[in-house]
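*Asks:* Can you keep this structure in mind? I'll have questions shortly.
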Amino acid sequence: MTTNTLKASAAGTSVLPALFAVVLGLGIITLTGHVQASALHDAAHDVRHATGFPCH
Amino acid sequence: MFSRILTSGLFAGAAAGLITALLQLYFVQPVLLHAELYESGALVHFGADPVTAHPALPGLFAEPVRDGLSIIFTMLTYTGYALVMAALMSVAERQGHEINARTGLLWGLAGFITFHFAPGLSLAPEVPGVAAADVGVRQIWWAVTVAAAGVAMWLIAFGGNAASYLIAALLLMGPHIVGAPEPETFSGPVPTEIGALFAARAFGIGMAAWVLLGSFAGYFWQAEGKRAAAAA
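In the order they appear, the protein sequences are chains A and B.
One point on numbering: in this note's numbering, the residue at position 43 of the first sequence is 43, and numbering is uninterrupted.
Plus 56 on top of the position in the second sequence (first one is 1) and you've got this note's numbering.
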């Protein structure tokens, strides 16, 4: 029982950091590649075209 | 675990992003600037007179703010990719798969297919001035296609049975069978030669960038693991 609980909590702590990093990474990609706010769009314009993101 | 993901992701993303930004400025940006001459109407083809294929273009860093922002945003974008990749590497390593600079090359190729080639197969990298469907609808199609291709890449790499290969093939083809949002009419003023060169360059530099990113991420993942083990 105790072993199972330990195993479960170890698995939980190992997946959470990975999940958080994925969310953080996707957040950055959304900000640089997809948010249409004009300041962000203008600053990232050339990168969005060159990286193949839908731009205008 | 989180600091290992964060550290290897930041190092790999910043390094690959910087190299990518310089490659894009040298190989992609001149094509984009050339296209913008047609987008703005400064050049018009199929007019009364033939148009030179070699107009004077601003040189490298002629617009320092614009190019500087491009460098920063490329590094940020590739750092985002790298964080996702390092997180998935941590999951794969836990499942017993070896992560290093060499296997990272394959991770990079898979990332290129997921984030660049799969959506680009139907939403080709757009040269400025090209006609396109509503940007919001294209972004939804882009996100769904990237998600499907990402799952497909994982199944191909780690699935190991016929069913996973079949599901992967369906996930890869599905978005293109459904079809990407297309414009109602064509109105692009840019010569097809420039548009084709732009798409080819964007894909080529994208592949180089992703292979570098994967290899760097694998290298830093392994190096950070060794460092943490030595410290423990």
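Yeah, the Cβ is synthetic: ideal placement off N, Cα and C, and Gly gets one too.
Keep in mind that this is a model prediction, so the values were computed, not measured.
Skipping 5 residues on each side, what residues in its chain have a beta carbon closer than 8 Å to that of tyrosine 94 (chain B)?
*Replies:* The residue labelled residue 94 (chain B) in the question sits at position 38 within the second sequence. Answer for tyrosine 94 (chain B): Val100, His101, Gly185, Pro245, Val246, Pro247 and Ile250, listed in chain order.
*Asks:* Between B:Val183, B:Leu144, B:Gln85 and B:Met145, which has its C-alpha nearest alanine 252 (chain B)'s C-alpha?
*Replies:* For this step, residue 252 (chain B) is matched to residue 196 along the second sequence. Comparing Cα positions, the closest option is B:Val183.
*Asks:* Aspartate 123 (chain B) by DSSP, collapsed to three states: which one?
*Replies:* Here residue 123 (chain B) corresponds to residue number 67 of the second sequence, with the count starting at 1. Aspartate 123 (chain B) falls in the helix class under three-state DSSP.
*Asks:* Output yes or no for whether 8 Å exceeds the beta carbon distance between glycine 152 (chain B) and tryptophan 266 (chain B).
*Replies:* Position 96 of the second sequence, counted from the first residue, corresponds to residue 152 (chain B). Position 210 of the second sequence, counted from the first residue, corresponds to residue 266 (chain B). No, the pair does not count as a contact, with Cβ atoms beyond the cut-off.
*Asks:* Hey, is the region 68-78 of chain B in contact with the region 118-137 of chain B, meaning 3+ C-beta pairs nearer than 8 Å?
*Replies:* Short answer: they touch.
*Asks:* Going by DSSP, what residue range makes up the alpha helix (DSSP H) through methionine 209 (chain B)?
*Replies:* As a first step, residue 209 (chain B) must be located in the second sequence, where it is residue number 153. 191-214 is the span of the alpha helix (DSSP H), which, as asked, contains methionine 209 (chain B).
*Asks:* My understanding is that alanine 231 (chain B) touches tryptophan 197 (chain B), with C-beta atoms under 8 Å, so please give their C-beta distance in whole angstroms.
*Replies:* Locating residue 231 (chain B) in the second sequence gives position 175, where the first residue counts as 1. Locating residue 197 (chain B) in the second sequence gives position 141, where the first residue counts as 1. The amino acid occupying residue 231 (chain B) in the given sequence is proline; alanine does not appear at that position. Their Cβ separation, rounded to whole angstroms, is 7 Å, which keeps proline 231 (chain B) and tryptophan 197 (chain B) in contact under 8 Å.
*Asks:* I need the straight-line Cα distance from leucine 6 (chain A) to alanine 219 (chain B), nearest angstrom please.
*Replies:* As a first step, residue 6 (chain A) must be located in the first sequence, where it is residue number 6. As a first step, residue 219 (chain B) must be located in the second sequence, where it is residue number 163. In this predicted model, leucine 6 (chain A) has a pLDDT of only 46, less than 50, meaning its place in the structure is not dependable enough to derive any value.
*Asks:* Which same chain residues end up closer than 7 Å to glycine 206 (chain B) when comparing Cβ atoms and leaving out the 5 residues on each side of it in sequence?
*Replies:* Mapped onto the second sequence, residue 206 (chain B) falls at position 150. These residues qualify, in order along the chain: Thr170.
*Asks:* Suppose you measure from the CA of leucine 16 (chain A) to the CA of threonine 159 (chain B); what does that come to, to the nearest Å?
*Replies:* Position 16 of the first sequence, counted from the first residue, corresponds to residue 16 (chain A). Position 103 of the second sequence, counted from the first residue, corresponds to residue 159 (chain B). Straight-line Cα distance between these residues: approximately 24 Å.
*Asks:* Does histidine 110 (chain B) come out as helix, strand or coil in the three-state DSSP assignment?
*Replies:* Translated into positions along the second sequence, residue 110 (chain B) becomes position 54. Correct three-state label for histidine 110 (chain B): coil.
*Asks:* Please list, in chain order, the chain A residues whose beta carbon lies closer than 9 Å to that of glycine 136 (chain B).
*Replies:* By 1-based counting over the second sequence, the position of residue 136 (chain B) is 80. What glycine 136 (chain B) touches in chain A: Leu24, Gly25, Leu26, Gly27, Ile28, Ile29, Thr30, Leu31, Thr32 and Gly33.
*Asks:* CB-CB under 8 Å to valine 202 (chain B), same chain, minus the five flanking residues each way: which ones, in chain order?
*Replies:* Counted from its first residue, the second sequence places residue 202 (chain B) at position 146. Correct list, in chain order: Thr170, Phe171, Ala174 and Pro175.
*Asks:* With 8 Å as the threshold, decide whether the Cβ of alanine 44 (chain A) is near any Cβ in chain B.
*Replies:* For this step, residue 44 (chain A) is matched to residue 44 along the first sequence. Yes - at least one Cβ of chain B is within 8 Å of the one on alanine 44 (chain A).
*Asks:* List the residues of chain B that serine 38 (chain A) touches, going by C-beta distances under 7 Å, in chain order.
*Replies:* As a working note, residue 38 (chain A) is residue 38 in the first sequence. Ordered by position in chain B, no residue passes the 7 Å Cβ test against serine 38 (chain A), which lies about 13 Å from the chain.
*Asks:* Would you kindly check if the distance between the Cβ of phenylalanine 58 (chain B) and the Cβ of alanine 21 (chain A) is under 8 Å?
*Replies:* To locate residue 21 (chain A), count along the first sequence from 1; it is residue 21. To locate residue 58 (chain B), count along the second sequence from 1; it is residue 2. Yes, these two residues count as a Cβ contact at 8 Å.
*Asks:* Please classify phenylalanine 290 (chain B) as buried or exposed, where buried requires at least 16 neighbouring CB atoms within 10 angstroms.
*Replies:* With chain B covering 57 to 288 only, the question about residue 290 (chain B) has no answer from this structure.
*Asks:* How would you label proline 181 (chain B), buried or exposed, when you count the other beta carbons within 10 angstroms and need 16 or more for buried?
*Replies:* As a working note, residue 181 (chain B) is residue 125 in the second sequence. With 16 or more Cβ atoms within 10 Å of its Cβ, proline 181 (chain B) is classed as buried.
*Asks:* For the alpha helix (DSSP H) containing isoleucine 233 (chain B), name the first residue and the last one.
*Replies:* As a first step, residue 233 (chain B) must be located in the second sequence, where it is residue number 177. Start and end: 218-234.
*Asks:* Counting contacts by CB-CB distance shorter than 8 Å, is valine 191 (chain B) in contact with chain A?
*Replies:* Locating residue 191 (chain B) in the second sequence gives position 135, where the first residue counts as 1. Output row for valine 191 (chain B): interface = yes.
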